[in-house]
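Going by the UniProt record's numbering, the final residue of the sequence shown carries number 131, and the count climbs one at a time with no gaps.
Note that beta-carbon positions come from the ideal geometry of N, C-alpha and C, so glycine has one too.
Bear in mind that the values here come from a model prediction, so they are computed numbers and not experimental data.
Just below is one structure, and these are the notes that go with it.
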Amino acid sequence: MRRDDIDPRFFGDRLAYNRAVLVEQPRRWLVVAGHEARDDEGGIAAVGDIRGQIRLTFRRLAETLDKAGFALSDLVQIRILTVDIEAMTAHYDAVLDELAAADCRPASLLAEVRALSDPRMLVEIEGLAAQ
């Protein structure tokens with residue numbers, strides 16, 4: 001598989017952002033549903049702590065990717081939904097830390113929504129991975 005980051009523009013280096021990611025001749029794709037900060041018993045963890053929820057959500061994403069034989073670095077797109085855009089942008093460095101640690105620079109979307117599936121959830125992340 002060949003992967004090219006397209007048009008990182010103004011925020012590319014600072015925000016791990018690409019306008020597009022070109023994937024040529026992938027062998028496998030993985031469509032990843034929205035993940036949230038769930039503890040080992042399935043309850044919402046880090047209630048009221050967006051940074052904690054970001055970190056745990058990325059851990060859960062990595063676990064799912066690993067089960068399918070992928071890694072965070074294989075993500076070519078992520079969509080981050082939050083109920084509090086101000087808190088999310090204030091703690092976006094936690095997202096950048098997770099992406100940098102995985103050497104991952106996906107095409108991305110950050111959007112505020114009115115509600116997520118559980119009122120204790122502050123963030124949900126879904127993605128698309130390719131190899």
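Thinking valine 76 and leucine 109 are a contact (beta carbons under 8 Å), I'd like their distance in whole angstroms, please. In the sequence shown, the residue the question calls residue 76 occupies position 76. In the sequence shown, the residue the question calls residue 109 occupies position 109. No, valine 76 and leucine 109 are not in contact; Cβ-Cβ is about 13 Å, not under 8 Å.
Alpha helix (DSSP H) segment containing glycine 52, residue limits: Here residue 52 refers to the residue found at position 52 of the sequence shown. Note, glycine 52: alpha helix (DSSP H), 50-67.
So, are the CB atoms of threonine 57 and glutamate 36 less than 8 Å apart? Counted from its first residue, the sequence shown places residue 57 at position 57. Counted from its first residue, the sequence shown places residue 36 at position 36. Yes, the Cβ-Cβ distance between threonine 57 and glutamate 36 is below 8 Å.
Between glutamate 63 and glycine 69, what straight-line distance do the alpha-carbon atoms span, to the nearest angstrom? Here residue 63 refers to the residue found at position 63 when the sequence shown is read from its first residue. Here residue 69 refers to the residue found at position 69 when the sequence shown is read from its first residue. Cα to Cα, glutamate 63 sits roughly 10 Å from glycine 69.
What did DSSP end up calling alanine 20 once you bin it into helix, strand or coil? Within the sequence shown, numbered from 1, the residue matching residue 20 stands at position 20. Note: alanine 20 maps to strand in three-state DSSP.
Is isoleucine 54 near alanine 87, with beta carbons less than 8 Å apart? For the purposes of this step, residue 54 is taken as residue 54 along the sequence shown, with counting starting at 1. For the purposes of this step, residue 87 is taken as residue 87 along the sequence shown, with counting starting at 1. Not a contact, by the Cβ cut-off of 8 Å.
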